[in-house]
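If you read the protein sequences in the order shown, they are chains B and C. With my numbering, letter number 302 in the first sequence gets 302, and the count goes up by one each step, no holes. With my numbering, letter number 192 in the second sequence gets 1192, and the count goes up by one each step, no holes. Backbone N, C-alpha and C fix where the C-beta goes; we use that ideal spot for every residue, glycine too. All values derive from a computational prediction rather than experimental measurement. Step one of this worksheet: look at the structure below.
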Amino acid sequence: MIEINNLSFSFAETEIFSHLNFNVNQGEILSIIGPNGCGKSTLLRLLRGSLKAQKGEVLWEKTPVEQISARIMAQKVAVVPQSTTIHFPYKVQDLVAMGRYPHRKNLLSFQNKSDQHAIEQALVMADILPLAERPVTQLSGGELQRVLLARALAQNSSVLFLDEATSHLDIDHRLELTELLVRLNRDQHTTIVQISHDLDLAAAISDRILLLTEHGNIAQIGTPSTVMTAANLQRVFRVDVKVTNNPFTGNPQIVPLINTAAFKLNDLKVHLICGGGSGKTLLRRLHPTQAQITAGPLNQGDSDESVASILNITVAQEVPFSPFSKQTLAATEKLIEQTEILVITTQWWGIGNLPCLDLAEKAIKQGTPIFLLSQQQEQDYTGGKAWAKIQNLQQQGAISIRNEEHLLEELSRQVNPSSIIGPG
Amino acid sequence: MNKATQTHKRWLWKLLLLLSPPLAIAISLSAGSLDLSWSQLFALLFQRSGTEVERVIIWQVRFPRALLAGLVGAALSISGVTFQAVLRNPLADPYLLGVSGGAALGAVTAITYGLQSPIIIPLAAFIGALTALLLVYLVAQAHTCSSHTLILSGVMVGSLAAALLLFLLWRSPADATRQAIFWLAGNLSLADPDWLSWGWLWVGIGFLLLWSQSLNLDLLTQGEETAADLGLHVGKTRLILFALAGALTACAVALAGLVGFVGLVIPHICRLLWGPGHRLLLPFSALLGSSFLIIADAIARSLYAPAEIPVGVVTATLGAPFFLYLLRRKGGNL
């Protein structure tokens, strides 16, 4: 529907796009994502013809964009801008009525019945009917954004451009707007091109995603699952992100890893014996401390294993629902031999994971310090064998810790003995 | 105050303002060095009584004068509305684009060179105003007439004209200077009554053209980009609007000198009463602007009768306190 051929654009001396090529297909939802300043808004303006490219062409159904008159263009595409301040106290319905401008037949007003119908419908769809008589200068940011949306809806165009239209909305209206977009797309086959900073929502509703790099090149264009990969996002946004699947919808979900670590364990090698979810908190907390973490043995599908694999942690893996094999235990032993610290977070002991304690006894004999997350005798299902081994470990100097915070404090004391780092 | 009484009160205001032009003309007819009571005026108008002198004063002096004041007030108000909308700036006034400076320079040149005829001065002022507009346009056109360039070049052309004006005044004899100051402060007595019908024609056409642009003005208040997104040809429209408003201002200045404040305050008051939609705002601003200036002129003529004080002095002393009152009540949301 819209073809972008070899488009180059510079602003003053700065080149923003060079040789851009892509299409917008009829009836699709295309989300443009990319870091601040990469030219997303500029790209929308170029597509609409508000800006003129120095080289290349933008074709709307084969017609060059600069040959389409302002009025025809406004009938084809409506723009929901980033929220702006409005100085003049127009009533909400009057502002929405401005969306009928490209369809007007009367010089002084929008008296037409179809105009009034469109305005009313837009007010209802954007959920601002109760605000119709209010002056726009008295609205909150989110309300104003919905008014701007309604104005665009009143245009009854077959294409909708949105420039961060959800940025001021609360979660309720953000979802509502998103649903509205999907509904417009499905029922009226409205083509939607949106700039979004909400990567998850973009991934959830888009047919395709256009990922722009900082320098305005196309990093990738395609379906959400092909574009929204951790590697792509890390390259473009230069942040540590993980991409998981939303447990409810299965859509790609982006998890930024915020470095809130008060502790720095520079390259300290730590091995975790965990399982059944006992280690995932510690894995998450250790990950940003820059410790070199290994874990195992763990069965595939164990929740600790899932967390470890998301965090790219080396794990001695066992196939699902199986006792640990000799090979797995050997692999674990190798990891433990290389580690500087061994941490045991496992809470429940049975025949299946009893060999882990044997590995621990071996390690403590070789002088590897062991930290034991507080253990309880009742959670020993081996008839006392595990409990005996635990007590043995403690006698040989294994240190009991209360919780993850306590462990991190102890570890950072080992790395930086002179200074006390961390809260408390 | 509850909403019902508030709406009620607003209705009363609106009605009063709608009836204001004839009321203002009546006040203006009765005011002046020859004091006429209302009953005398009524008798004169409807029963054709009164002396010959009185009739001449009413019909050949005061009535044209009131019409002139109304004309100037209307022209300044609607061009004020236009400038505020297009520049999206509540402080914009009709004199922003150097029109006043150019007109003043033209008029004062004529005055100091002894061409003091009531035919020549308005013509010189008009030519000066249009020259300034053209200059501003030529500078701003290089940047597709963006608001900022327009305002800045307008201010610059204005200061250039002001400097030349001061030079002229410094060189000219004292009585010419005095007359120039009288013109600069706004004065409705200098123009020849023959200009009146031309002025009405000019302002009438200007108003109709501007009124036909009401929706475009509404769109432009939303900013250039939004206006363009909604299908407005922004550059062309803005040029037309500036040319129209500029020409209206030039006409007003040529006939009455620099009458301040009308073009700034009247649009604000009308926006409070009728909202920002230009379909209503333009005609009501024209009405209110003309009544305001007619009354201001009546005051100017009668306060020190038979001497006249410059009408610009009256508009500012009435307008500024009222504006301050509004500002205090409404804050920035005028």
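C:Val1081 sits close to C:Cys1270, with the two beta carbons spaced by under 9 Å.
Excluding five sequence positions before and after B:Asn106, the CB atoms of its chain that fall closer than 8 Å to its own CB belong to Asn112, given in chain order.
Here the alpha carbon of B:Thr382 sits roughly 5 Å from the alpha carbon of B:Gly350. For C:Ala1124, the closest of C:Leu1219, C:Ala1024, C:Cys1251 and C:Gly1235 by C-alpha to C-alpha distance is C:Cys1251.
Taking C-beta atoms as the reference points, C:Asp1194 and C:Ile1127 fail to come closer than 9 Å. For the C-beta of C:Pro1283, not a single chain B residue is nearer than 9 Å; the gap to the nearest is close to 11 Å. Considering only B:Asp380, B:Leu408, B:Ile370 and B:Leu311, the residue with the shortest C-alpha distance to B:Gly397 is B:Ile370.
For chain C, the residues of the stretch 42-54 of chain B that bring a beta carbon within less than 9 Å of one of its beta carbons are Arg45, Arg48 and Ser50, in chain order. At a cut-off of 9 Å between beta-carbon atoms, C:Gly1206 makes no contact with chain B. For B:Lys91, the chain C residues whose C-beta falls within less than 8 Å of its own C-beta are Gly1275, listed in chain order. Scanning chain C for C-beta atoms nearer than 9 Å to the C-beta of B:Ala230 yields nothing, as the closest lies near 36 Å away. Shown in chain order are the members of the stretch 59-85 of chain B whose Cβ falls below 9 Å from a Cβ of chain C: Ser69, Ala70, Arg71, Ile72, Met73, Ala74, Gln75, Val77, Ala78, Val79, Pro81 and Thr84. Of the residues assessed, B:Phe248 falls on the exposed side of the cut-off, its CB having fewer than 16 other CB atoms within 10 angstroms.
Residue state for C:Leu1293 is assigned as helix, using DSSP reduced to three classes.
Listed by position along chain B, the residues whose Cβ is nearer than 9 Å to that of C:Thr1221 are Ile86, His87, Phe88 and Tyr90.
With a contact defined as Cβ atoms closer than 8 Å, C:Ala1162 and C:Val1313 miss out at about 19 Å. According to the DSSP secondary-structure assignment, B:Gln93 is paired through a beta bridge with no residue. Contiguous alpha helix (DSSP H) elements confined to the stretch 1086-1172 of chain C occur at 1099-1112, 1120-1141 and 1147-1171, taking only those with 4 or more residues.
Contact annotation: C:Ser1214 and C:Arg1279 have beta-carbon atoms nearer than 9 Å.
Under the three-state reduction of DSSP, B:Asp187 is assigned to helix. At the C-beta level, B:Ile2 and B:Leu51 stay beyond 9 Å of one another.
Separation of B:His117 and C:Gly1223 (C-alpha to C-alpha, rounded to the nearest whole angstrom) is 26 Å.
Interface criterion met: the Cβ of C:His1233 is under 9 Å from a Cβ in chain B. In the assembly as shown, B:Phe321 is an exposed residue. Its beta-carbon has fewer than 16 other beta-carbons within 10 Å. Taken atom to atom, the span from the alpha-carbon of B:Met98 to that of B:Pro130 is near 19 Å. Here B:Pro247 carries a coil assignment [DSSP, helix/strand/coil]. Between B:Val243 and B:Leu233 a beta carbon distance of about 7 Å is seen, short of the 8 Å cut, so the two are scored as contacting. The residues His1268, Ile1269, Leu1272 and Leu1334, in chain order, have a CB closer than 8 Å to that of C:Leu1326 in the same chain once the five nearest residues on each side in sequence are set aside. Following the DSSP letters along the chain, one finds B:Pro252 inside the beta strand (DSSP E) bounded by residues Pro252 to Pro256.
Between B:Ser114 and chain C, the shortest Cβ-Cβ separation is not below 9 Å. For B:Ala203, the secondary structure class from DSSP, reduced to helix, strand or coil, is helix. Closer than 9 Å to the CB of C:Asp1218 there is at least one CB belonging to chain B. Residues of chain C with a Cβ closer than 7 Å to the Cβ of B:Gly141 do not exist, since the nearest Cβ in that chain sits about 17 Å away. In the structure shown, C:Pro1064 falls within a helical segment according to DSSP collapsed to helix, strand and coil.
Within chain C, no residue has its CB atom less than 9 Å from the CB of B:Met1, the nearest being about 19 Å off.
Rounded to the nearest angstrom, the gap between the Cα atoms of C:Leu1244 and C:Gly1289 is 17 Å.
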